[in-house]
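Numbering (this note's numbering), first residue to last: 84 to 335.
Glycine residues also receive a C-beta, built at the ideal position from the N, C-alpha and C atoms.
Note sheet for the following structure.
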């Protein structure tokens with residue numbers, strides 16, 4: 084093959100790759116792309132002080148808890164839940180569901196703050212044998228262009244602010260060797276695999292069906308109280324009759 088032929092061959096390969104690469108990216112689920120993006124952000128943290136685990140699957144009270152990202156540092160353990168929802172999202176930290184509004188079309192999504200609290204409990208359970216633990220801080224992150232209107236004191240931020248938030252915590256409470264021990268302990272407990280992930284998804288769907296059946300029957304899935312129609316700043320909703328002892332709410 085002469086030089087001109089080689090150049091044409093290379094040019095064809097470059098064009099084919101340029102066409103196929105965006106198509107291949109589209110084959111990756113949106114949620115997975117978001118997790119990969121956040122993982123790339125966390126990789127830029129200094130490795131000498133921050134240990135990152137992506138895709139952590141822990142067993143907890145007969146169930147599994149899938150955690151997108153965990154960052155262990157001398158200052159805190161950060162438990163990060165990644166979401167890829169766009170549009171306007173509104174609700175409050177006590178609601179089981181939030182509302183997503185995209186060009187006037189409304190959808191309901193499970194409250195990720197509750198989801199991440201479950202992750203924190205699973206990590207505490209896994210690390211209960213450790214003598215010294217730093218604060219465990221849950222963070223939920225969204226794409227930069229998502230509009231958030233959520234009543235909460237929890238960390239609910241955009242992707243581009245994640246590293247800044249993590250590095251704001253600068254008071255050491257454990258040693259570097261203790262950071263390594265916690266990191267190694269979580270890695271040992273991690274049961275993540277595609278097979279176990281599929282089992283986790285099936286279990287999650289079953290739990291959701293049971294919860295939905297309770298709500299459809301007019302009962303609170305948290306405590307079993309009756310659901311009562313109420314009026315709030317965003318319109319009508321169902322709340323548990325045992326409020327304020329139970330703060331469960333469901334969209335009308």
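Cβ-Cβ distances below 7 Å link residue 254 to 158 in the same chain, with the five nearest sequence neighbours on each side left out; the list follows chain order. Put simply, the stretch 199–213 does not touch the stretch 113–133. Fewer than three CB pairs are less than 8 Å apart.
Ranked by how close their Cα comes to the Cα of residue 136, the residues 267, 249, 302 have 267 in first place. Judged by DSSP in its simplified three-state form, residue 200 adopts helix. Spanning the alpha carbons of residue 298 and residue 310 requires a straight line of approximately 8 Å. Under the 8 Å Cβ criterion, the stretch 184–204 does not count as touching the stretch 240–248, having fewer than three qualifying pairs.
A residue is called buried once 16 or more other Cβ atoms fall within 10 Å of its Cβ, and residue 314, having fewer, is exposed. Counting along the chain, the unbroken alpha helix (DSSP H) around residue 249 starts and ends at 245–251. The continuous stretches of beta strand (DSSP E) do not include residue 268, which lies in the alpha helix (DSSP H) extending over residues 259–272. In this structure, residue 172 sits near residue 192, with a CB-CB distance shorter than 9 Å. Of the residues assessed, residue 243 falls on the exposed side of the cut-off, its CB having fewer than 16 other CB atoms within 10 angstroms.
For residue 171, the secondary structure class from DSSP, reduced to helix, strand or coil, is strand. The three-state reading of DSSP puts residue 195 in helix, counting H, G and I together. When rounded, the separation of the alpha-carbon atoms in residue 238 and residue 223 is 6 Å. Rounded to whole angstroms, residue 303 and residue 148 show a C-alpha spacing of 23 Å. Each of 162, 220, 175 was checked against the Cα of residue 151, and the nearest Cα belongs to 162.
In this structure, the straight-line span from the alpha carbon of residue 319 to that of residue 325 is close to 18 Å.
The three-state secondary structure of residue 239, taken from DSSP, is strand. Relative to the Cα of residue 259, the nearest Cα in the group 305, 203, 215, 312 belongs to 215.
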